Each structure stands twice: as structure tokens, then as C-alpha cells.
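For reference, the structure is listed below as C-alpha cells.
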């Protein structure tokens, strides 16, 4: 007959394992909150983790393991617990022993089918002997072509939850912080260090992974709880300390750049804090290390700290009948906790006296324990307290190389190798009473503040040594080293036998320490097994490298809020109100059209239209040396530009490649206004400043970007003069204000406007720059006063058609990163007789070679076909001879037109060439002059 | 010729419009301590001059600091906004006179200087409140603590990926930051700040002025 009372009443009714009130419990018993577990209704107290609530309800099996789908229960009952990864709603891989229950949570086990209890994939256990180390590498490497098929099948066995494409309402956030002292770890040492630093005048950020400050004091005795209460009260009263709970330091980088994942903000899925700390204090405490023996993964096998958490924090009885293997005082305290919780302690195996467990027996849960003295003890709970691991990650990332101390059976930081701006405090350094730990951390905190620049003499930090502890890693009977990855002790020894004789190679070959706990539970055991297998010491074997991140961070937190700037013209509200289709052009939001771009083209050709061209780059140039600057940067000449005159210019880079174009007008004796392409505005500004500051700092020129100082409106069409004349005091007559001139005056009552008579559309047109705050006013006035003229707003698409009809090229569309000046067809503009200008040598060489491609007009013979831009032009042998750079259906001509770059041999007007369309069809196009409409320019010069 | 009175509009959308001195302003009044306002109607005059010459002395402040004074048009805030660059803020409607006054003062130095009225070319937001620095910490990597960025500090940095001149200009002892950007980025920056500050209770409020 079994000595174990059943934990189930009948077939499916679990017995409550909830205890009466405990002194340090963190649950709120005044109310309960509902949640579901694999579809079943459950209730929890506020403060319960998912795992504690389920354990209180008698649940023992929480998950199935990674490879063999073995049943798993609680091991650590905290963030690291490898047996408690859940799917919560749409969120996979939730740490169930850390995440608090929220009302309505839908919790389910991951990757089990058809159920957690009867998981078909558990058949892998039967094939376990064939799934040894390197199984996947060895089995699926050949034949290589079949890998996609293998991958498809193997993915069905991946141990993870399901994500949703729906991001939900929560968002991810970033925050920057600059604390004088950042304390990683909110146990007694962390709190004491933070207090001391703050009292020394430092701003302090105290980061704690758990939901409350306190570390192990939380599950301690009355004295511990009293000390905890006192420390918490002092921290709360200290305004210089910012406390972050449910947050974890993810890594330490150069110059104490420290990442922190903050998880408990309302409405925020996760926040990444980027902190630049003056001094980093590492005070993470210790992590209890599992013991490796056959059956060590059975539900019911727990660490002593797990038991203490369950009993004292969550008031949960962890089992009915227990065996405890203890090698330290903390394990002994777990025995006391169990007895107080009403658990029958069947045996205490004192490992300090070489007594211990060698095997655990059971199916689906622990049923019996086998000791090294040959006893078999029935139990549903086996508690091990066999040693501690110092989580030195942040110290390793700071350049430290912790050393192994055999007498303490753990690694310790090496103070000599730590940088000045990093200190360690508390149990990671050594063991002592709470009072001594606080004293040590107090000194560390004061020294941290001093090193952060808060002054004062150097602080003597008291020594803190680890107490002796037996080296206990494995019973030598097998078992699992890494419960996340299902890596067994045998896998480790097999890997070493196959020649992977360094711990780094063993890690990569077996994947030990590569699971979600990232080695915090496994590394030292793995090192010990490798050391035993290789005949080396643990110190000689060393550890794997502790790299960032210390704890998993979501990709969302790394990305943070999407900061993607957009820019708006002052007329954007009007465009929105009038149904403009928005076009994203760089950062600018522009109206692409207002419904019918072809109609907009016809309106401009026959009447008058207005377009918002605010994004056109504008640079205010002042000083007596502006002409020198213009002569240097443009390929044409500028010395004789008269007052009120405008000239078109093209800029080339040093390699002669066209980089921008635009018009520049002379507004005053030493005052010019340069325009650039919309997309090139920032680049040209940097280009101009670069030449001024590096090559000609002696020139007296001031350049000020004024792109958005003006709202820019182009008024185009045969009736544009009539429309603008109704609103301005400037004489617009052809004689007074001819083509390529600029004037200043008022428009619609707005002073200080700049009026240009230029034409990108090929029509009579005026471009007006209005002080930006009045842009909407002027636009609305143009629309109102031009109503009888049929004034039509037109968008970027109509403008592109109009300019294509006129044969104006667009930099970076009709040119590319290799298009030199002569290819762009600006032969007449390039003045090789100038003393110097940027790109001169390369352009001179290009002309001498005379083998460049040409920018030409093209017309398909079938005028109904518009060859898509980037369609390739073929020569007679089928080789690529060029490409279509721009193409549209011309509303003015009623046929398709385009521009193309083509090899010089085929560039003569009248040549017919083949264009291959993206769908594979070939069409014939004829080479024409680039100007398709009004080649004499009569329309724009009226 | 137009017979309508021009109406100037700031870069940030107005919820409750009211017209004052030719500007369309937001009449909202925030109830909380953390506020954001569009101060774009303030006169904004941009000065270029030698970094450390007589013009600097005439303007009364160097790079990275601010000074309040009167350059002949009433109270102004002079900001050393960049190497050889100054931003002078004044009351709405004073830009033209302010520009002329500064030009006149700097002409006496004999240095090569440029004075431009950029009132309409830049957006100017003001973020005010005890936790204003926490809002900025959501969009900027700069240390806005009193020790590093005290009242009167000025710097050019990136806020939510937009180049911004940040000017610490406290109001009655309450931390306050003037944020000066290209006008076209004004709405975006306001939206980004309101987003970053929604957990802190950040509210839009009406134009406050320089005083």
C-alpha cells in the first residue's frame, strides 16, 4: 500500500494545497481572480504567480520537455523555472513561475498534443537512445536537398508557443536614464548599497527582477522579515532612489551603458531602459544549483529555495511526503518550512555527511527516492540543497573573469580585474549574516557614489568570504543537466568522448546552457561533468562565456516606439480636407493627386493649376563670396548673375556624377536664394557647408536652410498670370517680369513673399514662396480668387507627367549613381573653360572619351503601351543597351511617352529599339528628342 | 490685390481656435501640471556671426547658454544655439523690428554677420512640468538632470529622431524646455511628445508666450 496520500479526490478533483496565512506571504486573500488553465476554470489570489496558483490547486505537471516531452513540474518556482513556460493568450513562452495571474488570463501548456497529460510526442522518450548528442547534425545533414523537407517536419516539434500577428493595444517603449549609481539586484545587499549611495548624494536606480524588493529575506524567518521591513521602509523614504521591480539588467556594455528590461508598466508590453550609469553595483545574490541524478526532472523534485518560496511567499504546500537532501543551512531551513507546512518529512539526507539521493522513481511524478545507502523511500517531494551558483554575467561583461573556489564549490568575482566603475556587493562576493551583508553593501554603496563623482575619501570595503561548501554536482547515475534543452549527463560525457573536449565546444554540440535559463542553473554542473570526463579540474575547464543579454528581451522592446518622422506643409490640412491621396516622399507627406491626375494635367495645359511644392529645398545664401561658392559647386557660370535674375544649375560630385539640380535667384547685392530637389535638400546643405568649412573657410558666406520657412506654391498654366495678378502687388507683365526672373513682394496681403518666374511644367508659371505661417491663407485665397478661372489643385503625379512632357529630368530617377553630367544631356550647361568646379576633371574626361550613354526621349510605336520604368532596352544582339527611366501616358499627346538612358550608338533620334517588358513581351520604341511638348518653349516664355 | 486679412497659423493642429494678433491660437487650458504648448508665434531671429568675437559680446551669451535681456524691442531670450549661431526669441509681432535692431547692433562690430527672421520657418514647442525631463527621456538620450542640463542650458540633439534645439527655460522654478525644430516637423514632434508623455498626464495647452 502506498504511504502517499493522493493529491486528487476521485479522478479529476484536485486537493487544495493552499496553506493558512504565512508571515511573509505576498498574496492578497481578500479576493480571488479567475483564470483558465488548459480550458479549466481556476482562481488565484492577487499576488499569485500562475505557477503558485496552479500548485495551490494541486497541479503537479506544468509542461512537457523540449525534446523528449517528459512531464515536468516546478523546480525553482521563480523566473528561471524551466518547467513553467506557458502560453498566455496570444503570448508564448511566458515564465509562469514569475508572471502574476491577471483576471481572465487564458493559460495553456505549450507544444503538447492532444493534451498535457497525454502528449503523443512523448514517444520521443522511447526513441531517446537514438536521439543522442548531435542527432540532428548527424541525421539530417544529408542529402542536403532534402533539408527543406526535414525542416518543415522538425518545426512541428519545436518547443515554443504561438505568436499572433496582432500587436494588440500595448506598445513597446524606450527610456533613457543617467543614474549616478545603478544597483542590479534588490536583495538586502542591493537595498543597502542603494541606500548608502543615495545618502552620499548620488542618484540611484535600483533594479530588481522580482515583483518585490528583498531577495531571500522575503521567505526568511521573523528576523529576516523584520530586517526586510526596515530596509524597504528606508528605501521608500529615500527620494534619491528610483526602484524598478519586475525589471532586469540585461547587459553591461562599454562605459557602463546598461540595458534594463522593465516589464510591469501599465499598457506597456515591455520597456527597454538605456541607462548610462556612473557606477554599476552588481548585487544579484546567488542562484541555487540543481543536483544531477537519474530522475532529477520528475515533477516533485524541487530545489530548497523553490520550497521556501512556495510555502512562505504563496502559502502553498509543495507536497505531502518529502525527502530532503541538504548540504547547507538553507536546506535545513527548508526542512523546517516543510514541517511547519504540514508536510511529512520522511527523511533528511545530510550531504555534509556524504548522504544523498542517487535516483528518483516515478512516471508522471515522483513516487520514490533511492539513496546512496540503498534505501528506497516513498515520497512525492524530493528537495535538494546542494550548492549555489554566483550569477557573474554582468561582471564578466565588465571584463572580470571570476575564479573557481573548490572549498566553496562556486565561482567568485576577481576584484583585481573589475573596472573602476563596477563593484560587486553581497552574496556574489561571499557569505555572512544579514547584518554583515548590509555592512559590506553599505561600504560598496558609498564607494560607488564616490566613484560616480559624489566626492569623499575612498571607502574601505570589508572583506566577505564564502563559507565552505561540499562540491556536489552529480550522483553519477545520469539525469538531466539542462532541463530546458533536455541535455543529459550522458550527452555531456558522450560529447567529450567524441572529441568535444572544451566546455565551449560541448556547449555548441549539445546545446547545454543554450536554453531560456541561459546557463544560470546548468553551467557549473556542465563544467563539472566536462572536467570529470576530461580529467581536468573545474578551474582548468573554466566556464562558457557570459554574454549579453542576461535575460530574454522582446524584439519589440529592442525596437521601442517607432520614431519615423514625417513632415507636413502648411497646406496639408487643406489637402486632407479635399481628398488628396497622400504620397510619402522621403519624410514628406505630399498630395499625389486629388482624384484624376490626367484631368489635373489638362487643367494646367489649358487654364491654371496650383501645386504645393513646399518640400523643394531652399538655402538662403548671404555674403560677398556667394558667386565663388556657386561657381565651385555648379557646373555652369554664376559670376554675372544680375539682381532679380534666376539661373538653372546642376551640381556634380567629384566623380562627375549628377547629384542635384535647381534654380538660384539673386535677391540682393550679397543675397541669393538657392533651390534644390526636395529629396536633396539636406544633402545639398551638408555639401555646401562641407565645402565652405573644409575647403574655403576664408570665404564670407553664410548658408541657412529655409526650406520650411516658406510655403511654396507653383501657379502654372496659361491663365496663371491672370490669377496671381489678382493677389500681388508685383508687376507680372512679360516685360517687367520675364522668364527666369525673381521678385519680392506681397501676395494675398502677405509681405516678404518671393516670386519666381520659372517653369518645370513647361507652361507659363510662377513659383511663390510665402512665409510659411501664411501658406494656408495664400493657398485658400488662390483657390477662392481663381474659382472663375477654373483653378485646379494638382498633385505630384500630374507634375511628373507635365515635366515628362516637357523633357525635364529628375535627379535620382532619370539619373543614377553612375550618371555623369554629359549622360544627363546638360552638355550646354557644363562649362569646361571655368578655372575649377567640383567634378571638372571627371567631366572633361567623360567628354574626351565620348562613349557615354545618353538621356533621350522615347515613344512606343504602339502609343497605348506604357513601358514600366526600369524596363530594359535591348540591342540587336539581345544585350542590355539601356533602360526606361520615366514613362507615362501623356494626356496632352494622347499617347505614351518616356525618357530613357541608352547607349550612344542607339541614341540618335529616329532609331528604333526593342524594350523588354517585365512580363516578357518585347515592344518597339522610337528614340525622340527628350522634349515631347512645346520643344521651342513658347508656352512658358509668354 | 487681396482684400483679406492674412491669418498666420502655427505648425500644430489647433483644437479650440481663437485669433489673436493675426495668429490662430489654441484656446485650450490644461488642468494638469505637465503641459505642452505651441509657442511658434514668438518672434524667432537667427544670427550667424564669428563664434567668439565681438558679436558674441553684443548678444550677451555664448554657445550652450541662454540670457534674457532687451535688444531694443522688449524682453527677449537669447540662446547660444550652435557654434557661431544664436536664436533670439521675442514677443509675437516683433520679428521685423528685432531683426533690424540686432543687425544694427552687430553692424558696429565690423564682423561678417547674418540676421534672419525665421519666425515662420521654425516650430517652437514648450514642455513644462515637474516631470518634463522624464518625458524627454522617452525620446532623447541626453541627461536632463539639473546637474548636467540646468536652467539656462541649450543644446542641439535628436528628439524622436528629429534634430531639435533644446533650451531649458524654467517657469517660476518649474522645469520647462523650449523645443525648436523645422516648422514642417512641428506636428510630428508634438505627437511624439504627447505619445511619450501619455503615461505622465501630458496635456496640450494654449499659447503662453515668453514671459
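Chains as they are written, first to last, in the numbering used here: chain A, 752 to 1693; chain B, -16 to 194.
Backbone N, C-alpha and C define an ideal beta-carbon position, used for all residues, glycine too.
Just so it is clear, the structure is predicted and the values come from calculations on it, not from any experiment.
Query, Result
"Assumed close pair residue 37/B, residue 94/B - CB separation to whole angstroms, cut-off 8 angstroms", "6 angstroms"
"Bridge partner(s) assigned by DSSP for residue 1403/A", "1409/A"
"Residue 754/A (DSSP reduced to helix, strand or coil)", "Note on residue 754/A: pLDDT 44, under 50, position unreliable in the model; the coordinate value appears next. Correct three-state label for residue 754/A: coil."
"The segment 102 to 127 of chain B: positions lying closer than 9 angstroms to chain A by Cβ", "102, 103, 104, 105, 106, 117, 119, 120, 121, 122, 123, 124, 125, 126, 127"
"Counted within 10 angstroms of its Cβ, other Cβ atoms place residue 771/A as buried (16 or more) or exposed", "exposed"
"Integer Cβ distance of residue 1368/A from residue 1435/A, believed to fall under 8 angstroms", "6 angstroms"
"Test item: CB-CB of residue 1553/A and residue 1513/A under 8 angstroms", "yes"
"Three-state class that DSSP yields for residue 1481/A in the structure shown", "coil"
"Cα-Cα separation, residue 1060/A to residue 130/B", "42 angstroms"
"Cα-Cα separation between residue 1471/A and residue 1322/A, rounded to whole angstroms", "19 angstroms"
"Buried/exposed call for residue 892/A, threshold 16 Cβ in 10 Å", "exposed"
"For residue 1674/A, the three-state DSSP class (helix, strand or coil)", "strand"
"Pairwise C-alpha distance: residue 963/A and residue 777/A", "9 angstroms"
"Cβ-based burial, residue 1004/A [other Cβ within 10 Å; buried from 16]", "exposed"
"Pair within 8 angstroms by beta-carbon distance, residue 1143/A and residue 1153/A", "yes"
"is_contact[residue 1321/A, chain B] using C-beta, thresh 8 angstroms", "yes"
"Identity of the residues DSSP links to residue 190/B by a beta bridge", "Looking at the DSSP assignment, residue 190/B forms no beta bridge with any residue, so it has no partner."
"Residue-chain proximity (residue 1455/A, chain B), Cβ-Cβ < 8 angstroms", "yes"
"Runs of beta strand (DSSP E) lying entirely within the segment 1551 to 1575 of chain A, each at least 3 residues, in chain order", "none"
"Spatial neighbours of residue 1374/A in its chain, beta-carbon cut-off 7 angstroms, leaving aside the 5 residues before and after", "1421, 1451, 1452, 1453"
"7 angstroms Cβ shell around residue 1251/A - same chain, five flanking residues per side excluded", "1257, 1260"
"Chain A contact for residue 147/B (CB, 8 angstroms cutoff)", "no"
"Contact check, residue 1103/A vs residue 1221/A, beta carbons under 8 angstroms", "yes"
"Residue range of the alpha helix (DSSP H) that includes residue 1528/A", "1526 to 1536"
"Inter-residue CB distance, residue 834/A and residue 824/A (contact presumed, cutoff 8 angstroms)", "5 angstroms"
"Test item: CB-CB of residue 1566/A and residue 1409/A under 8 angstroms", "yes"
"Outcome for residue 1519/A when other beta-carbon atoms lying within 10 angstroms are tallied against a minimum of 16", "buried"
"Residue burial classification, residue 849/A (beta-carbon count within 10 angstroms, cutoff 16)", "buried"
"CB contact flag (residue 1027/A, residue 1007/A, <8 angstroms)", "yes"
"Length at least 3, wholly inside the segment 1121 to 1205 of chain A: the beta strand (DSSP E) runs in chain order", "1127 to 1129, 1132 to 1136, 1154 to 1156, 1161 to 1163, 1173 to 1175"
"Run of the beta strand (DSSP E) containing residue 1461/A, from where it starts to where it stops", "1461 to 1467"
"Sub-8 angstroms separation of residue 1650/A and residue 1606/A beta-carbons", "yes"
"Chain-ordered residues of the segment -12 to 10 of chain B with a beta carbon less than 8 angstroms from chain A", "-12, -11, -10, -9, -8, -7, -6, -4, 6"
"Those residues which DSSP pairs with residue 923/A across a bridge", "1021/A"
"Reference residue 852/A, options 816/A, 1384/A, 793/A, closest by Cα", "793/A"
"Beta carbon proximity, residue 171/B to chain A, threshold 8 angstroms", "yes"
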